[in-house]
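S.K.: So the sequence shown is residues 262 to 657, counted in our numbering.
Got a structure here, written out as structure tokens. Questions coming.
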Amino acid sequence: MKKHPDPTHLSEKTRAIINGRSSKDHHGVVNTPVYRASTVLHPDVDAFERRHDPSNKNRVVYGLLGTPTTFDLETVVADLEGGYDAVLLPSGLAAISIALTTFLRPGDHLLIADTVYWPNRIFCDEYLTDLGVSVEYYDPLIGGDIKDLIRSTTKVIFLESPGSLTFEVQDIPAITAVAKAHGVITILDNTWATPVFFKSFAHGVDVSIHAATKYLCGHSDVMMGIIISAEHVSEKIRSTHRLFGQTAAPDDAYSTLRSTRTLITRLKSHEANALALVEWFLGRNEVLQVLHPALPNHPGHTFWKRDFLGASGLFGVILKPRPRQRLLDMVNGMKLFGIGASWGGFESLMIPAYPERHRTATQWKTDGQLLRIHAGLEEIDDLKSDLENGFVRLNK
Ligand SMILES: *Cc1c(COP(=O)(O)O)cnc(C)c1O
């Protein structure tokens, strides 16, 4: 008889609770403890010398190569997204740079969505370009027409959907189909949807990266990246991860594993609060436009509806033009919406955003001012009254 029921027969919600847990190995405690390790002691010289043999079932051989804390987190997230393997890194940006570096060499061509997370662009423009990689940005709404941009040297298509700040949704299956036909690897930044709301591998993606810093950690106190891979690229990813000496801190792996147990429940509340705020903003005269993939007039909405299982808590609101001081009075005076980078924690956030500064293949124009809103887990009526008061300051 098995200690745990066979996870494959259970729903995702249950698997997120039971996967990667082996209480009997840890004196019965529910959560896998924080293992701190560099040296791992082996029973004898023979065992030590065979520690890297594929036949060695004991994977705990050296701190850099993982501990039960990191392995259990990898197991849970890979299963949630339907991937084969997962590796942990010290930040989301490290997940991006290691994933790209795995597949790109001098002379190669990279196609990357114009709407990717801005520091990702800097890595491509300043590091990959120096390395001799040809970096080409494409319109995120290009869909299957991306075939016209493929060269003989194209090795990677990088996607992010919805796009940073403006939330355009990509036709991911159309792009991965073209990539497969040309032997090109696809890497998706799936941070917004998380493994819960978008199943990358069911849509033909080869590599999915996450800023676990955001919803997977969910409590605004951990920096972490995760690369989840399909089987055919998993060894390559693990090898680059090893070559660059990547690892994640034990406490951070513990915190993220603990948070992953409640990810589905948290995300549904973030989603509901965000949708309620979207409705509130749409009813206000001060608002020019709301940028949220669930809105029928949003670019790529039909792809979101077809491919995604939900929407997380991050979206955009464009306010009608107002003097800058009115906007500052509004944002600076918010009681429940904090001003700060990152998102995905339990708290609401609001910052002005300027996507036009980070676009080259497309143009982004508005007459108003874009605000990036993160809907936290507060009571929705409290959030709405904070916004009501904010709009009073905006209108003064
Ligand atoms: C925040 C973010 C990252 C980077 O994550 P860090 O952990 O802050 O390095 C990558 N991609 C997206 C879409 C993000 O929002």
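Cβ coordinates follow ideal geometry from the N, Cα and C atoms, glycine included.
With which residues is residue 559 paired in a DSSP beta bridge?
M.R.: According to DSSP, which records beta bridges pairwise, residue 559 is partnered with nothing at all.
S.K.: With DSSP run on the structure shown, which of helix, strand or coil describes residue 586?
M.R.: helix
S.K.: Would you kindly check if the distance between the Cβ of residue 478 and the Cβ of residue 530 is under 8 Å?
M.R.: no
S.K.: Whole angstroms are fine: how far does the CA of residue 518 sit from the CA of residue 290?
M.R.: So the alpha carbons of these two residues sit roughly 14 Å apart.
S.K.: Hey, quick one: how far does the alpha helix (DSSP H) through residue 515 stretch, first residue to last?
M.R.: 511 to 521
S.K.: Which of helix, strand or coil does DSSP assign to residue 531?
M.R.: helix
S.K.: Looking at the strands, I want to know which residues DSSP matches up with residue 548.
M.R.: 580
S.K.: CB residue 459 to CB residue 528, shorter than 8 Å?
M.R.: no
S.K.: Ordered along the chain, which non-local residues of its own chain (more than five positions away) have a Cβ less than 6 Å from that of residue 497?
M.R.: 363
S.K.: Taking only three categories from DSSP, how would you classify residue 430?
M.R.: The three-state reading of DSSP puts residue 430 in coil, since its state is none of H, G, I, E or B.
S.K.: Considering only the beta carbon of each residue, do residue 414 and residue 467 sit closer than 8 Å?
M.R.: Contact check for residue 414 against residue 467 fails: the beta carbons are separated by 8 Å or more.
S.K.: Which residues in the same chain as residue 654 place their Cβ atom closer than 6 Å to its Cβ, once the five residues preceding and following it in sequence are excluded?
M.R.: 590, 591 and 594
S.K.: State the CB to CB distance for the pair residue 252 and residue 359, rounded to an integer number of angstroms; the pair is presumed to be in contact (CB under 8 Å).
M.R.: Residue 252 lies beyond the range of the chain shown here (262 to 657); nothing can be said about it.
S.K.: Quickly, what does DSSP pair residue 397 with across the bridge? List them, please.
M.R.: 372
S.K.: Using the three-state DSSP reduction, which class does residue 366 fall into: helix, strand or coil?
M.R.: DSSP places residue 366 in coil when its eight states are reduced to three.
S.K.: Over what stretch of residues does the alpha helix (DSSP H) that includes residue 457 continue unbroken?
M.R.: 455 to 458
S.K.: So, helix, strand or coil for residue 346, using DSSP?
M.R.: strand
S.K.: Where residue 356 and residue 549 are concerned, what is the direct C-alpha to C-alpha distance, given to the nearest angstrom?
M.R.: Distance between the alpha carbons of residue 356 and residue 549 is about 36 Å.
S.K.: Could you give the DSSP three-state label for residue 484: helix, strand or coil?
M.R.: coil
S.K.: Using DSSP bridges, identify the partner residues of residue 447.
M.R.: 418
S.K.: Does residue 403 come out as helix, strand or coil in the three-state DSSP assignment?
M.R.: coil
S.K.: Give the single residue among 382, 578 and 395 whose Cα lies nearest to the Cα of residue 420.
M.R.: 382
S.K.: Label residue 635 either buried or exposed according to how many other C-beta atoms from any shown protein chain fall within 10 Å of its C-beta, with 16 as the threshold for buried.
M.R.: buried
S.K.: Taking C-alpha atoms, which residue in 327, 575 and 366 lies nearest to residue 499?
M.R.: 327
S.K.: Under 7 Å: does the beta carbon of residue 450 sit that close to some heavy atom of ligand 1?
M.R.: yes
S.K.: So which of 410, 323 and 340 has the shortest CA-CA distance to residue 309?
M.R.: 323
S.K.: For residue 556, which residues of its own chain have a beta-carbon under 6 Å away from its beta-carbon, when the five flanking residues on both sides are left out?
M.R.: none
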